[in-house]
Structure formats: C-alpha cells, structure tokens
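Below is one structure; the comments refer to it alone.
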Amino acid sequence: MDLISVSVSQATEKLPELINQLVGSREPVVIEKEDKVVAVLITYEQLEYFLALKEKEELFDQYIIKSERQLASMQNEIVGLQTQNRRIQEYLFGQKKPNQ
6 MDLISVSVSQ
16 ATEKLPELIN
26 QLVGSREPVV
36 IEKEDKVVAV
46 LITYEQLEYF
56 LALKEKEELF
66 DQYIIKSERQ
76 LASMQNEIVG
86 LQTQNRRIQE
96 YLFGQKKPNQ
C-alpha cells in the first residue's frame with residue numbers, strides 16, 4: 006500500500022481535495038512536518054474500526070490478566086494439595102516416601 010504523504014502546508018492548502026481522494030481510495034493520507042509524521046487523515050469508518058479494535062485489545066488484555074491470576078491461584082492450590090498429600094502419606098506410612 007503506497008501511502009500519500011503531504012506536508013502540513015500542503016494538507017492545509019489541499020484539504021478538500023485530500024478528503025475527496027481519501028473517501029474515494031480509502032487510503033490514509035500521512036501528514037508530515039519537518040520530515041516527521043505528525044498526523045494521519047483516515048475515514049470515519051477506519052476510525053470506528055480502529056477504536057473497536059482497540060477496545061477488543063483492552064478486553065483481551067483484561068482477560069489475560071484475569072487468566073494469569075487464576076492460573077497462579079490454581080498453582081498455589083496444587084502446591085497446597087501436594088503438601089497435604091505428602092503429610093497424609095507420612096502419617097499413613099510413618100515415613101517419607103523415597104526421593105522426597
């Protein structure tokens with residue numbers, strides 16, 4: 006995808022033309038100032054898509070954090086159960102099992 010790049014002054018001068026071109030081609034317009042990208046002109050539909058994607062990303066991040074907490078909790082529970090199991094075996098057999 007070849008992005009259209011214009012300077013801030015060109016964008017100011019040709020804004021209506023750039024908007025028409027953007028709507029027709031759906032290709033973003035990069036706006037530069039002193040050879041650095043400072044803005045991008047996109048359609049409203051593209052903005053809505055971006056915002057929806059960002060929201061889904063945030064929900065996914067929250068899900069990952071919650072899942073990691075649940076995993077840590079389950080790992081702690083497993084360690085606790087292993088400890089209880091070892092104590093029960095020691096009680097029943099009067100000694101530790103080999104390799105423990």
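In short: position in the sequence shown from 1, add 5, done, that's my numbering.
We put the CB at the ideal spot given by N, CA and C, even for glycine.
Put residue i into one of helix, strand or coil per three-state DSSP.
i	result
residue 69	helix
residue 47	coil
residue 38	strand
residue 29	helix
residue 19	coil
residue 99	coil
Cα separation between residue i and residue j?
i	j	result
residue 31	residue 69	34 Å
residue 55	residue 49	10 Å
residue 18	residue 41	19 Å
residue 87	residue 51	53 Å
residue 22	residue 7	18 Å
residue 39	residue 15	13 Å
residue 77	residue 53	36 Å
If you compare alpha carbons, which of the options is closest to residue i?
i	options	result
residue 47	72, 24, 62, 88	24
residue 10	22, 74, 45	45
Bridge partners of residue i, per DSSP?
i	result
residue 10	35
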